[in-house]
Structures are given as structure tokens and as C-alpha cells.
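Heads up: the structure comes next, in C-alpha cells.
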Amino acid sequence: MVNVAVDGSYSYRVPHHMQVERGSIVQVPLGPRKVMGVVWGEPKDKVAHNRLRDIEHIYDTPPLTDELMKLVDWVAKYTLAQPGMVLRGVLRSPEAFEPEKPVTVYQLTEMRPERMTAARQRVIETMEDGFSWGKTALVGASGVSPSVIDGLVKQGVLEQHFVPPPPIVTQPDADHKPLDLNEEQRAAVDQITGNGFYQFGVSLLDGVTGSGKTEVFFEAVAACLKAGRQAVILLPEIALTHTFLERFEQRFGARPGEWHSDMTPVQRARMWRAVARGKVQALVGARSALFLPFPDLGLIVIDEEHDGAFKQSDRVNYHARDMAVVRANLTKGHVILSSATPSVESRNNADQGRYTHVKMLGRFAEATLPDITAIDMREEGPEKGEWIAPKLSREIFSVLDRGEQALLFLNRRGYAPLTLCRSCGHQYQCPDCSAWLVEHRFRGVLTCHHCGHEIGVPKECHKCGADDSLVPIGPGIERIAEEAAKRFPEARRVILSSDMGTMAQTKARFEEIARGDYDLIIGTQLVAKGHHFPKLNLVGVLDADLGLAHGDPRAAEKTFQLLTQVTGRAGRTGKSGRAFLQTYVPEHAVMQALVRGDREAFYAHEIKGRQLAGLPPFGRLAALIISANEHDVAFNYARALATLAPKTPDDAKLRLFGPADAPVAMVRGRHRVRLLVQSEKQFDLSGYVRFWLDEGPKPTGNLRVQVDIDPMSFY
Numbered sequence: 016m017v018n019v020a021v022d023g024s025y026s027y028r029v030p031h032h033m034q035v036e037r038g039s040i041v042q043v044p045l046g047p048r049k050v051m052g053v054v055w056g057e058p059k060d061k062v063a064h065n066r067l068r069d070i071e072h073i074y075d076t077p078p079l080t081d082e083l084m085k086l087v088d089w090v091a092k093y094t095l096a097q098p099g100m101v102l103r104g105v106l107r108s109p110e111a112f113e114p115e116k117p118v119t120v121y122q123l124t125e126m127r128p129e130r131m132t133a134a135r136q137r138v139i140e141t142m143e144d145g146f147s148w149g150k151t152a153l154v155g156a157s158g159v160s161p162s163v164i165d166g167l168v169k170q171g172v173l174e175q176h177f178v179p180p181p182p183i184v185t186q187p188d189a190d191h192k193p194l195d196l197n198e199e200q201r202a203a204v205d206q207i208t209g210n211g212f213y214q215f216g217v218s219l220l221d222g223v224t225g226s227g228k229t230e231v232f233f234e235a236v237a238a239c240l241k242a243g244r245q246a247v248i249l250l251p252e253i254a255l256t257h258t259f260l261e262r263f264e265q266r267f268g269a270r271p272g273e274w275h276s277d278m279t280p281v282q283r284a285r286m287w288r289a290v291a292r293g294k295v296q297a298l299v300g301a302r303s304a305l306f307l308p309f310p311d312l313g314l315i316v317i318d319e320e321h322d323g324a325f326k327q328s329d330r331v332n333y334h335a336r337d338m339a340v341v342r343a344n345l346t347k348g349h350v351i352l353s354s355a356t357p358s359v360e361s362r363n364n365a366d367q368g369r370y371t372h373v374k375m376l377g378r379f380a381e382a383t384l385p386d387i388t389a390i391d392m393r394e395e396g397p398e399k400g401e402w403i404a405p406k407l408s409r410e411i412f413s414v415l416d417r418g419e420q421a422l423l424f425l426n427r428r429g430y431a432p433l434t435l436c437r438s439c440g441h442q443y444q445c446p447d448c449s450a451w452l453v454e455h456r457f458r459g460v461l462t463c464h465h466c467g468h469e470i471g472v473p474k475e476c477h478k479c480g481a482d483d484s485l486v487p488i489g490p491g492i493e494r495i496a497e498e499a500a501k502r503f504p505e506a507r508r509v510i511l512s513s514d515m516g517t518m519a520q521t522k523a524r525f526e527e528i529a530r531g532d533y534d535l536i537i538g539t540q541l542v543a544k545g546h547h548f549p550k551l552n553l554v555g556v557l558d559a560d561l562g563l564a565h566g567d568p569r570a571a572e573k574t575f576q577l578l579t580q581v582t583g584r585a586g587r588t589g590k591s592g593r594a595f596l597q598t599y600v601p602e603h604a605v606m607q608a609l610v611r612g613d614r615e616a617f618y619a620h621e622i623k624g625r626q627l628a629g630l631p632p633f634g635r636l637a638a639l640i641i642s643a644n645e646h647d648v649a650f651n652y653a654r655a656l657a658t659l660a661p662k663t664p665d666d667a668k669l670r671l672f673g674p675a676d677a678p679v680a681m682v683r684g685r686h687r688v689r690l691l692v693q694s695e696k697q698f699d700l701s702g703y704v705r706f707w708l709d710e711g712p713k714p715t716g717n718l719r720v721q722v723d724i725d726p727m728s729f730y
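In this note's numbering, the protein residues as written are 16 to 730.
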């Protein structure tokens, strides 16, 4: 199996001098180029021996395990992805297969330089401890330039040696500092670990925000390590990892392995190699860490399992939560799905007894759940041109007077979501996407959040030429910050959004907030989860209805999850927190459940609605997104494909919707048309779509067909 976009495997000949086995990682010729591949098994074809090309090279790395290869086959079959593209997710780091380069170190000899300078003297004094030094460390410790080191080597004063690089991680100690758990947490750990780590099982760790779920699965990780197996913890966002890594280090006395997009190629290669050789016992990473070559994976933790970031929507459309369950089944390991607001799918699996339902209903220590109030914007809304309701404004003043922190939350980046000309009504739209350009006033640009297209904020209308006629419509996070500066001028304010600053800057802001350096936090969903702010006791959600305004079957669920997470930031250290939701539909089931603190009522309402509609988890969906440079080409192909949809027995209850232009009908200059298939839960929807595409018209030219089994996004 080669790691390129092909549907199957190819046969090669094994040279006499080479020994390979199933799972061996090799290099093979493919046309005029050389590609990575994995020995998959006996050939299925009958090609003559003398017509085969030779395997060119076998890498000195452990072969992939049988369970990982079965996972690749399973994911490819289920998602309709090409197996080679799934395999590429496993062989993500080509540098990992080359021999690891040794590290150059220097030692002091008995020789001394002919001419002693102050710089040379500092180097010699630094090295008189008798230890070997790397060049970078030596330069930093002695305060000299690298050329001074090179000169001392030439004169024989320093001697070069080449040594293996140090381990990329230190092994965690399961007994380093066991956590002091309360009775509910201890019961949760016992419930999860009761069957050990050599038997497949899934636990839904369902606990309110602040209940101490992280401490519970840390102790489960410790139990897994004591059992001699490896553990991986998947997090939805890289922004959460720093605080999490520190907590892990405090518990286990060592940092875990890391796997995320912010790593350098060298770090990635070293980590992949260490994982494959069994030298990484515990790892924290993003969703792609699920495909790392662990030799003996016993535990997979999915933290914030409901989070949409676990769904990959590029090339291979898989959901890491679901694939984690598949991998654990293959390894006879355990999965912990942790969330304060579980997905409806996971909650239903727990209700049906497929998953162990581990409930944690109390907050840790003396903390209490926040009191949530809905502000009806139809009756208590702010003045025109303002966005913070008077009632919320008064509450913020009270909190600030007490020396506590308040959070204003709006899940919309930028200054305003739409800019138009008040003279001619022209609305600024992205030329390559069917989306408005969003004003980012701090940077002075209008930008598209789909493709990244940017223009400077115009001084006159592009259409009618009118001067100073452009007006922002609607609020973004920057506009809220502008209003907050006028209303609360004495408050120390900070703005947090994913497009404002680097990861290091964001991390620094979180640390400053936790120390109490700011009074008023204004943020997007970046602040909604995973953070502990001791002084934060008031949360105000502006435009709480924002997520309900789209034709998404999961809109209510996503809104409930996000608002529960963000309001849960308040009152986590003993004081009673308060939260206010600015809404135009206070009677909506989501708002009612939040105000009453009745999450069970929300799940009952949502599960009943899904069941009546035959939506997941009671039915299945598959989306086909057809795209092309010309609209008619995409639409005509989608129409032809729809007419050739295979017939099914009546009991399959299969329904086909579309073709129709996608809600975002153009992205990066490509027109998008959608088909949606709905079926019974037991129906083999993946097999149906595969047969349909095989029998249907073949895309030509710039046509592309993207298949999304179990879609999470409907844009």
C-alpha cells in the first residue's frame, strides 16, 4: 500500500537480499518517482514475477502493527477515502524513517590556546566542570560567539564527540503524585478501571463543568501505565495544551509526548520514531495522534468529546471520536469520552447501555454551578447602536466594584460581520466565496473567513464612489470591546480571539487573566472551555441565539454545548457565579434548559426530536459535495448523479435530498452543490454510496466529488 491517492495496493518483488514482513515500511518506485509504502500482505493479482519492480529500500523502523493496518482498512472502507490517503495519516513524518542524526558535543582537553582572550577564558572556565557541552548551550553559558568555539576546536583545546540524542520524553511515573480525589471522583475512577485495560470498553465521563473530570482520567491513565500499556489523550484545540501539559507534569513528574501542528518537522520525526519504538508511554495530541504507531495502546481519552474539532474535513473525512472507539476495539483497549455536554450520539449510546455512563454531578471543592438568567432582548434590549443590555451592564458594574472578573462572550470574530454603503446599499462580499467580508478594525482590513481574501478598509465606496459612506452592520468581538471601553473605562480589559496574536501571546493572556491582571474579559469561543479563572464570577453571553440561525440538524445541540461551557466559567472557586444570556427566543428549549439548569430536559427533548426525524443517532446521513469552477458544470453533474441513485428495498427507508446549492455556494472560486442521503441506522450507507459512485458518471475536468459520511457541518 503506497501513501498516495490510489484506491488499492500494488505488487512488488522482494529482492533476494531483503527480508520484509506484513507492516514493514519500505520505499518503492511508482511511475517515475519513489514513494513510501507498507507491505500489506500476499499479492491479490497474478502478475508474472519478471514484470514486477523491486522494493528499493526497507527502513530500519518497527513494522506497523496488525491492528493499525486493520484500522487503515476500516477507515478507508467506512469513509470512502482512498486507503493510500488514510495511510498517509499514519506515515505523516517522512524524516522519521531515516537514521536519527547524532548530537555534537564538546569536551575540554589538556591543551590550551596559544593566545588567551577573555572570550576563550570564559569558555574554558565554563567547561572545567568536566561535562560534555552542546554548542548552543556552551555559547549561551559563556556568552561568546560560535566562532570562538570553532577556533578552540581547531587548536585542540576542545574535542568534538558524537553521541545519540537524548530521549525526546522522560517516562511518566504513575505513582509520582497521586491526586487527592473526592468520593465522587474515586467512584468514577473505580467505575472506569474496574475491568482493567486488556478488555475493550467505552466510558462516557459525563460531568458538569468544574467537577474534576481531568483528575479522574489522569488516574485512569496512571492505572493504564501500571498495567504496562500506552495511553493517548486527544484534545480538541492546541490552545488548551499548555495548561494541560503542566497539570500532567505535576501529576506524573514528567511531560507527556506531544503531537500537534505547532511542532517542527524534526520534533515530529523524533516523536513518531519514539512512539513506534515503544518509548512514549503517554502522549497528548490533536486528532491526528490517533494514527500514531503505538505498539500497545491500552487507553484513549477524548477530552471535550463533543467538540467539532475532532471531525476532519479534508481528504479523509473521519471523526476522531468514532475512530478511537474502532481502534480501541482492535487493540482490546479502553476509551474514555469526557465532556460536560456529551454529544447526543454518545449520550444515547450510554442510555442504551453500549457505553458505561460515569456521572459526576457535583462541582469540585466548594464551587457551585452558576445561576443563569435569560434577558429577553425584545423587552430589555439596549439602545439602538449598542449591544450590551442595561441589565447586564448593571451586573458588570457590581462585579467590578467587588474586585471580581466579568466575561463578555460573543462567538463572532472581527468588528462587524457585514459592511455596506449607506448611499447605494452596496455590500462588500468576497470575490471568491459566497460570504460577506468581515471588518477587522484593529488591523484595518475586510477579510473573508472562508478563504482568507483581504482588502484594506476602503475610504470610499467601490461601487458609487461616495466618501465616508461605509457603515458596519452587526457586532463582532472588536465592536463589543469598543463599547465596553466607553461603558467601563476604569476596567482593565483584554480581548481574546483566535485571530488575535500568536499561540504564545494567547497563552500569556490566559496566565494574566488567571492571576487577576484583568477585570473584564471579552472573548470568542477560545475562552469557552478548558480554562480556570479563579476571580471570574459573571458571564454575559451576547447574541446567545447566534448558533440557532442555521439549517443545521445539530444547531440546538451545538448551541447548548457552547453556552453551557462558557457559562460554566463562572463561580469555579466557591463563590456563586452568575450568567446572563441575551436572547430573542427565551422560550427556546436550549434557553429553557440552561436557565432551569435542567440538562436532562434538553437531552430528552433533543433525542426525541432526532428519533422522530430519523436523524443521527437513530439514522444515518451521507453528504456529497460536488464542486467545479463553473456552476452549471457542478449542478448538471449532481443532477445526473441523483437520477442514477440505485434503488433500495422499501425497508431501507432511504431518502435523497437535492441537488441544491450549498448554503455557502462558492468557496475559493469553486461552486458547490450538495446531495444529502438519509437512511435507517442499520443500513450500509457507506457501501451504498460506494456502489452509487462506481456506477454513476465519472467526474472529468475540474469536477470534484467529496464524500462525507456522518457529516458534522452543513455549510
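Even for Gly, the Cβ is constructed at its ideal location relative to N, Cα and C.
| query | result |
| --- | --- |
| Can you tell me the Cβ-Cβ gap for phenylalanine 325 and arginine 336, rounded? I've got them flagged as a contact below 8 Å. | 5 Å |
| Measure the C-alpha to C-alpha separation of alanine 731 and aspartate 723 and round it to an integer number of angstroms. | What is shown of the chain runs 16 to 730, which leaves residue 731 out entirely. |
| Quick check on DSSP: helix, strand or coil for proline 678? | strand |
| Less than 8 Å between C-beta atoms, sequence neighbours within five positions excluded: which residues of the same chain meet that for lysine 474? | Asp482 and Asp483 |
| Give me whichever residues DSSP pairs with glycine 471 in a beta bridge. | Val460 |
| Is DSSP giving glycine 293 helix, strand or coil here? | coil |
| When you compare each of His686, Leu708, Thr119 and His547 to valine 178 by their alpha carbons, which one comes out closest? | Thr119 |
| Rounded to the nearest angstrom, how far is the Cβ of alanine 559 from that of leucine 541, given a contact under 8 Å? | 17 Å between Cβ atoms; not a contact. |
| Answer yes or no: do alanine 680 and isoleucine 640 have a C-beta to C-beta separation smaller than 8 Å? | no |
| Where does aspartate 81 sit, in a helix, a strand or coil, going by DSSP? | helix |
| Which complete alpha helix (DSSP H) runs does the stretch 613 to 665 hold, if anything under 4 residues is left out? | 614 to 628 and 646 to 658 |
| Measuring alpha carbon to alpha carbon, tell me which of Pro714, Pro310 and Val605 ends up nearest tyrosine 655. | At residue 655 the sequence reads alanine, which differs from the tyrosine that was named. It is Pro714. |
| Please return the same chain residues whose Cβ sits closer than 6 Å to the Cβ of serine 218, not counting the five positions on each side in sequence. | Ile207, Ile351, Thr371 and Val373 |
| Distance check for proline 78 and glutamate 36, CA to CA, integer angstroms please. | 8 Å |
| Could you tell me the distance, in whole angstroms, from the CA atom of arginine 288 to the CA atom of glycine 104? | 15 Å |
| Cutting at 6 Å between CB atoms, please list the residues of its own chain near proline 128, excluding the five before and the five after it. | Arg135, Gln170 and Val172 |
| Can you tell me whether DSSP reads valine 17 as helix, strand or coil? | strand |
| What is the residue span of the alpha helix (DSSP H) that proline 161 lies within? | 161 to 169 |
| Check isoleucine 403 in the structure and name its three-state DSSP category. | coil |
| State the DSSP-derived secondary structure class of aspartate 311, mapped to helix, strand or coil. | coil |
| In three-state terms, what does DSSP make of asparagine 426? | coil |
| Does DSSP put asparagine 65 in a helix, a strand or coil? | helix |
| So histidine 257 packs on lysine 522, CB below 8 Å; how close in whole Å? | 5 Å |
| State yes or no: is the C-beta of proline 726 within less than 8 Å of the C-beta of leucine 630? | no |
| Going by other Cβ atoms of all chains shown within 10 Å of its Cβ, with 16 needed for buried, is tyrosine 213 buried or exposed? | exposed |
| Using 8 Å for Cβ pairs, my map puts phenylalanine 215 next to glycine 348. What's the rounded Cβ distance? | 7 Å |
| Could you check the C-alpha separation between threonine 462 and arginine 427 for me, to the nearest Å? | 13 Å |
| DSSP on threonine 715, reduced to helix/strand/coil? | coil |
| Cα-Cα, which of His547, His64, Gln186 and Gln520 is closest to threonine 224? | His547 |
| Is the distance from the Cβ of isoleucine 510 to the Cβ of alanine 431 below 8 Å? | no |
| Could you check where the beta strand (DSSP E) with cysteine 239 kicks off and where it finishes? | That residue, cysteine 239, is in no beta strand (DSSP E); its alpha helix (DSSP H) goes 228 to 241. |
| Specify, as a first and last residue, the run of the beta strand (DSSP E) that tryptophan 274 falls within. | 272 to 274 |
| Looking at the strands, I want to know which residues DSSP matches up with glutamine 14. | Nothing can be reported for residue 14: it is not among the residues displayed for the chain, which extend from 16 to 730. |
| Quick one: give me the first and last residue of the beta strand (DSSP E) that leucine 435 is part of. | 433 to 436 |
| Is the beta carbon of glycine 272 closer than 8 Å to that of methionine 286? | yes |
| Whose C-beta lies closer than 7 Å to the C-beta of glycine 56 among residues of the same chain, with five residues either side of it excluded? | Arg37 |
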